[in-house]
Amino acid sequence: MLFVMERIVLASQSPRRKQLLEWAEVPFDVIVRPTDESYPPGLDISEVPVHIARGKAQLVREELSHDRLVLAADTIVVLGDRIIGKPVDRDDAIRILSDLSGQQHKVITGVVMIKGSQEVAFSDTTAVDFHELTADQIAFYVDKYKPYDKAGAYAIQEWIGVVGIRTIKGDFYNVMGLPVSRVVQTLESWS
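Residue 1 is where the sequence shown starts when you use UniProt numbering, and the numbers rise one by one after that.
Encoded structure:
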């Protein structure tokens, strides 16, 4: 028998996070508030997405009764010691993917769950290796898929993930934006 869990609140507008929770059959409502996504200087890179996710969760949490569980997440892409955000335009997306071409980078998703006075926070890291990508491949991907709302200027579940990724080490769904199996395990242990 499947575990029946309470309806949670997803503090994210990401269609990928919604899709992953739907696939896991986690019942949820979406409530999103504009959040400052800056972080303190000197914060360890692995803590950056947790810091941002906590801000998202706390803003939504303030509006709800204490018995609702709020889930928030934030995903960053890290090349070397540099955080790569979402591209601002076509040229920026092409530059980002050119930087990732032939390299290994990390995708780190920070997750924060708040219910009442309880909080669970963690991050999950996946290493992704790209093949060498040609300028034509990069331009084709950017022009067709317009990855302007994606950290690192790509989505692993799209064309570039199918043809451009050599290997991944870690949770595939973490690269999509949510380490959903770990989230579900945490939700089940919490209830």
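Note that beta-carbon positions come from the ideal geometry of N, C-alpha and C, so glycine has one too. Please read these numbers as outputs of a predicted model, since none were measured by experiment.
Per DSSP, the bridge partner or partners of residue i
i	result
residue 82	79
residue 127	106 and 169
residue 9	29 and 70
residue 58	Answer is none; residue 58 lacks a bridge partner.
residue 121	112
Where residue i falls, given that 16 or more other Cβ within 10 Å makes a residue buried
i	result
residue 78	buried
residue 40	exposed
residue 102	exposed
residue 162	exposed
residue 218	What is shown of the chain runs 1 to 191, which leaves residue 218 out entirely.
residue 97	buried
residue 43	exposed
CB-CB length for residue i against residue j, believed under 8 Å
i	j	result
residue 60	residue 11	4 Å
residue 184	residue 24	5 Å
residue 145	residue 158	5 Å
residue 26	residue 8	7 Å
residue 180	residue 64	Rounded, the Cβ-Cβ distance is 22 Å, inconsistent with contact.
residue 45	residue 84	Not confirmed; about 11 Å, so no contact.
Own chain partners of residue i with C-beta closer than 7 Å, once the 5 adjacent residues on each side are dropped
i	result
residue 1	Here the model assigns residue 1 a pLDDT of 29, short of 50, so the residue's position is not dependable, and the following value carries that caveat. So the list is empty, once near-sequence residues are dropped.
residue 37	52
residue 90	142
residue 112	50, 53, 54, 57, 72, 119 and 121
residue 186	113 and 120
Contacts around residue i, its chain only, beta-carbon distance under 6 Å, and the 5 residues preceding and following it disregarded
i	result
residue 56	11, 35 and 72
residue 110	49, 50, 53, 74 and 123
residue 169	127
residue 131	164 and 166
residue 114	57, 61 and 70
residue 154	147 and 160
Beta-carbon gap between residue i and residue j smaller than 8 Å
i	j	result
residue 53	residue 74	yes
residue 134	residue 108	no
residue 160	residue 141	yes
residue 166	residue 129	yes
residue 14	residue 177	yes
residue 150	residue 86	yes
Contacts around residue i, its chain only, beta-carbon distance under 8 Å, and the 5 residues preceding and following it disregarded
i	result
residue 116	66 and 67
is_contact[residue i, chain C] using C-beta, thresh 8 Å
i	result
residue 69	Chain labels in this structure do not include chain C; a single protein chain is all it has.
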